[in-house]
């Protein structure tokens, strides 16, 4: 059974640019969540999508946005990048409804803003 | 004060010892509790998942939830050097699918 796939694995961007990260969930999972992990703040929740709708949102500025497609694949976009956006971005997938078996994470996309 | 508190360690134990990890939390509405293991440069891996209070055992791992004390624990028996990693507790509210609140993570080092 394939796991959660995140692409690309590494990215280097310049301050002010924008970036799009991709996440393919486990087959059958309809919920995709995004997290930012930094040494100082740890793992922080960005947002969660279920059946193409944003269902939960964390406390991040509007520069961070996402979407989910009909096949449950999700993308996350960060506009006007800042140096502080350098982090490991993780997505996690789950069934999202009914019996809950937990959340499976991908290996993440490491974003460096220079 | 953070919603979920976890000692960052590092916690160093000899091979074969029991590793004891814990988290405390402030929001009594949390109902789902998880423990993840994260190796360097990898995503977190789900180890244990429990609902409400009680104990759960899976192989060498035992998770305990004490909702009255707002305290959760993870025990790793017969620890191995391959258990050296960062262990993260996480929890969520009943209606907050996908929105996990994480502890800071505890770095564990198992020495041969």
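Residue numbers (the working numbering), protein chains in the order written: chain A, 1 to 114; chain B, 1001 to 1112.
Beta carbons: idealized from backbone N, C-alpha and C, even for Gly.
Thinking C-beta only, is residue j closer than 8 Å to residue i?
i: residue 100/A; j: residue 94/A; result: yes
i: residue 1101/B; j: residue 1005/B; result: no
i: residue 1010/B; j: residue 1109/B; result: yes
i: residue 1021/B; j: residue 1037/B; result: no
i: residue 78/A; j: residue 32/A; result: no
i: residue 28/A; j: residue 1043/B; result: no
Tell me whether residue i is buried or exposed, calling it buried when 16 or more other Cβ atoms sit within 10 Å of its Cβ.
i: residue 53/A; result: exposed
i: residue 1106/B; result: buried
i: residue 25/A; result: buried
i: residue 1057/B; result: exposed
i: residue 1025/B; result: buried
i: residue 1018/B; result: exposed
i: residue 1085/B; result: buried
i: residue 39/A; result: exposed
i: residue 104/A; result: buried
Who are the near neighbours of residue i in its chain, counting only those whose CB is closer than 6 Å to its CB and skipping five residues on each side?
i: residue 112/A; result: 12, 86
i: residue 60/A; result: 46
i: residue 1051/B; result: 1032
i: residue 44/A; result: 36
i: residue 51/A; result: 30
i: residue 1062/B; result: 1075
i: residue 1012/B; result: 1109
Rounded to a whole number of angstroms, what is the C-alpha to C-alpha distance between residue i and residue j?
i: residue 1097/B; j: residue 22/A; result: 20 Å
i: residue 1028/B; j: residue 30/A; result: 28 Å
i: residue 88/A; j: residue 67/A; result: 19 Å
i: residue 37/A; j: residue 1068/B; result: 30 Å
i: residue 49/A; j: residue 1091/B; result: 18 Å
i: residue 41/A; j: residue 84/A; result: 11 Å
i: residue 1055/B; j: residue 1077/B; result: 15 Å
i: residue 10/A; j: residue 1059/B; result: 35 Å
i: residue 14/A; j: residue 70/A; result: 32 Å
i: residue 63/A; j: residue 57/A; result: 13 Å
i: residue 91/A; j: residue 5/A; result: 9 Å
i: residue 1030/B; j: residue 1094/B; result: 7 Å
i: residue 96/A; j: residue 1039/B; result: 26 Å
Can you determine whether any heavy atom of the ligand ATP sits closer than 7 Å to the C-beta of residue i, and answer yes or no?
i: residue 6/A; result: As presented, the structure is devoid of all ligands, the ligand ATP included, so that no description of it is given.
Sorted by chain position, which residues of the same chain lie with C-beta nearer than 7 Å to residue i's C-beta, five sequence neighbours on each side aside?
i: residue 1023/B; result: 1004, 1005, 1006, 1072, 1089, 1103
i: residue 1080/B; result: 1015, 1110
Counting only the same chain and skipping the five closest in sequence on each side, list residues whose C-beta sits under 8 Å from that of residue i.
i: residue 16/A; result: 80, 81
Measuring only between beta-carbons, confirm whether residue i sits less than 8 Å from chain C.
i: residue 104/A; result: Protein chains A and B are contained in the structure displayed, whereas chain C is not.
Of all the residues that make up the segment 57–74 of chain A, which are near chain B by a beta-carbon distance shorter than 9 Å? 57, 58
Contact residues within the segment 22–40 of chain A, judged by C-beta distance below 7 Å to chain B: 31, 33
Which residues of the segment 1090–1106 of chain B have a Cβ closer than 7 Å to any Cβ of chain A? Give them in chain order. 1096, 1097, 1098, 1099, 1100, 1102, 1104, 1105
What residues from the segment 1052–1083 of chain B come within 7 Å of chain A, judged by C-beta to C-beta, listed N to C? So nothing in the stretch comes that close.
Relative to chain A, which residues along the segment 1028–1043 of chain B have a C-beta separation below 9 Å, given in chain order? Residues of the segment 1028–1043 of chain B whose Cβ lies closer than 9 Å to any Cβ of chain A, in chain order: 1032, 1034, 1036, 1038, 1041, 1042, 1043.
Taking any Cβ of chain A, which residues in the segment 1015–1029 of chain B have a Cβ under 9 Å from it, in chain order? none
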